[in-house]
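Worksheet: the structure to be examined is printed underneath.
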Amino acid sequence: LYTSVAMIDSEVTSTVAAAGGQYAQAKHIVGPLMAFNVALFLVFAYTMLEVSDAILLGDTIVAKAGVEGLTHNSFIAATIVVLAWLNYRGVLMTLNVNFVITAVAYISIVILFFSVSPWTQGAVLKLNELVTPGNALPYGWIGVIAAFQFGIWYYLGIEGTTQAAEEVRSPARSLPYGTMAGMITLLIAAAMTWYVCASLMPWEYLGITYYPLWDAGKLTGSPLLEELLFVATLLAALASANGCINDAARAWFSLGRDRYLPSWFSAVHPKYRTPYRSILFLLPIALAFAFIADLNQAITFSILSGVLQYTFMSINIMMFRKKWPLGSIRRGYTHPFHPLPAIVLFCLCVVTFFAIFLGFGSQLIAMTIFYFLISLWFHFYRYKFVRRGDQFTMPWPKPQGY
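As structure tokens, then:
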């Protein structure tokens, strides 16, 4: 699914190089109503992912402290507020901090992997004992399908590289490279995490733990690894939440700039050059969800918005290739095997919707109703404020058939 997302996203974004990412793509290729919805998908996916990361960080600290009566609320609030302040102060500081803490977290996973002698099953790792013919697929293939939505959390947000389209020197080169490099990084880290954790803990425990890497560090018997993986878990959550605030604010800012929302949101800070009003507006929304939703619900809201966005991407690339065939406009990158990635992406999104319905049917219905009602509001009320002549900004010829 995410390989298809990366391939499709790289082609369209290297051609539609504008802040807002998939929102800017929808605005140019599909239309304003789709663009409005895609921007909301982005904002909710990133904001709820930020909330999930903050809850995870708070729960991890509480578990480590082991103090009776201590709750995660203060840690959640501090995390969201401090990261919002970082984003308020500037994107360079934000991304520099993210780069450092992500590197530390990633290196910690690599250290854990090589510390447990993965090439020698039975020395530390017990995969052959934990996974046997008797307990393989305990819920059958329906269990595999039901796990799709949580598998997505490994990679959720990688499509946010497109938000930097106006902040790189060469979008045609930097965005495909950044997306593909990010996918390779995630695939390696995900494979190492899965292999080590599944070889140290039974599936019954893996199904309920919030911090499997820290648990893996404990089970190695090394106090140093335990502390390292505790810190890595916190840093990974911080890095993810930090990037999500950056992406959500820019999507909200883009809506204000194009008058899909009041233009008040499109203000840029005179000193820090950040969309500070969007950052401040989304701050209390994130705090509210963090205090009223549990981790599973927050993840589900984030994943659902993400899957809606991926479904759009599969349709978007088909329309893009049909309206502007190869050779009609300059593309920074052309993904191979079209239309196979789009078809695979669409089918996997349908399966994931079914997986969400199995475990969180009420949330699926509630979110669908919300997006339907907000679409009616935009169509019948807000669209009249949009400057239609300013929507299409790319120097392209008219699409075929128009």
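For reference, each letter of the sequence shown is one residue, going 265 to 666 in our numbering.
Note that beta-carbon positions come from the ideal geometry of N, C-alpha and C, so glycine has one too.
Distances from the CA of Thr267 to each of Asp323, Ser530, Leu609, Val395 were compared; the closest alpha carbon is that of Leu609. When DSSP states are grouped into helix, strand and coil, Ile593 belongs to the strand group. By the criterion of at least three beta-carbon pairs nearer than 8 Å, the stretch 605-622 is in contact with the stretch 564-582. Counting along the chain, His292 sits inside the alpha helix (DSSP H) bounded by residues 286-293. Three or more Cβ pairs closer than 8 Å define a contact, and the stretch 593-604 meets that threshold against the stretch 272-286.
By a beta-carbon distance limit of 8 Å, Ala619 contacts Ile409. Their separation comes to about 5 Å. Tyr536 is positioned such that its CB atom lies closer than 7 Å to that of Gly354.
C-alpha of Lys291 to C-alpha of Gln655: approximately 7 Å in a straight line. A direct Cα-Cα distance of roughly 7 Å separates Ser316 from Ala554. In terms of Cα proximity to Ala552, the closest of Ser434, Gly424, Ile319, Gln627 is Ile319. Secondary structure at Gln413: helix, using DSSP grouped into helix, strand and coil. Between Trp467 and Leu492, the alpha-carbon positions lie close to 24 Å from each other. Non-local C-beta neighbours of Leu559 in its own chain, meaning closer than 8 Å and more than five positions away in sequence, comprise Ser316, Ile319, Leu320, Asp323, Tyr474, ordered along the chain. Leu347 sits close to Ala505, with the two beta carbons spaced by under 7 Å. Judged by DSSP in its simplified three-state form, Asn362 adopts helix.
In the three-state scheme derived from DSSP, where H, G and I count as helix and E and B as strand, Arg585 is classed as helix. Rounded to whole angstroms, the separation of the alpha carbons of His336 and Glu490 is 21 Å.
For Gln286 against Glu423, the beta-carbon gap comes to about 7 Å, under 8 Å, which counts as contact. The criterion of a C-beta distance shorter than 7 Å is not satisfied by Cys613 and Tyr647.
Our two residues, Val364 and Tyr370, have alpha carbons roughly 10 Å apart in a direct line. For Asn399, the three-state secondary structure derived from DSSP is coil.
In the three-state DSSP reduction, Glu431 falls in the coil class, being neither helix nor strand. In the displayed model, Glu332 falls within coil according to three-state DSSP, outside both helix and strand. Secondary structure of Ala554 (DSSP, three-state): helix. The C-alpha of Val326 lies about 26 Å from the C-alpha of Phe377. In summary, Gly481 is buried, with 16 or more beta-carbon neighbours lying within 10 Å of its beta-carbon over all protein chains present.
DSSP places Asp522 in the coil class of the three-state scheme, outside both helix and strand.
In this structure, the alpha-carbon of Trp478 lies about 10 Å from that of Ile373.
Distance from the Cα of Arg652 is smallest, within the candidate group Ala299, Ala282, Met271, Gln664, for Ala299. Relative to Met658, the option among Trp383, Leu544, Ala270, Val280 whose CA is nearest is Val280. Thr311 sits in a helix when the DSSP states are folded into three classes. Here Tyr352 is near Ile543, since their CB atoms are less than 7 Å apart. Shown here for Tyr469: not one same chain residue has a beta carbon closer than 7 Å to its own, the five before and five after excluded.
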